[in-house]
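Novice: Sending over a structure as structure tokens; questions will come in a sec.
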């Protein structure tokens with residue numbers, strides 16, 4: 017993210033936290049997505065990497081609106 021000059025707001029590696037499995041379970045319940053990455057921008061669920069790639073033309077504005085650029 018730093019190469020793109022994006023300020024990470026919150027990044028959770030579920031393998032590095034004690035309650036990672038519970039976080040993944042909760043995200044699946046909320047988003048119906050079990051796979052990672054599970055991407056949110058400004059509380060909006062984007063989806064996984066392929067979903068993010070599909071929205072790449074919108075991404076700069078989404079990040080600006082979120083204060084991440």
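In the numbering used here, the protein residues as written are 17 to 85. Backbone N, C-alpha and C fix where the C-beta goes; we use that ideal spot for every residue, glycine too. Remember, predicted model here, so these are calculated numbers, not experimental data.
1) According to DSSP, is residue 45 helix, strand or coil?
2) So which of 50, 31, 21 has the shortest CA-CA distance to residue 86?
3) Can you tell me whether residue 39 is helix, strand or coil according to DSSP?
4) Pull up the distance between the alpha-carbon of residue 45 and that of residue 65, whole angstroms please.
5) Taking 7 angstroms as the threshold (C-beta atoms), are residue 31 and residue 43 in contact?
Specialist: On the basis of the supplied data:
1) Residue state, collapsed to three classes: helix.
2) In the structure displayed, the chain extends from 17 to 85; residue 86 sits before or after that span and is not available.
3) Here residue 39 sits in helix by DSSP.
4) Those two C-alpha atoms are separated by around 19 angstroms.
5) Going by C-beta atoms, residue 43 is not nearer than 7 angstroms to residue 31.
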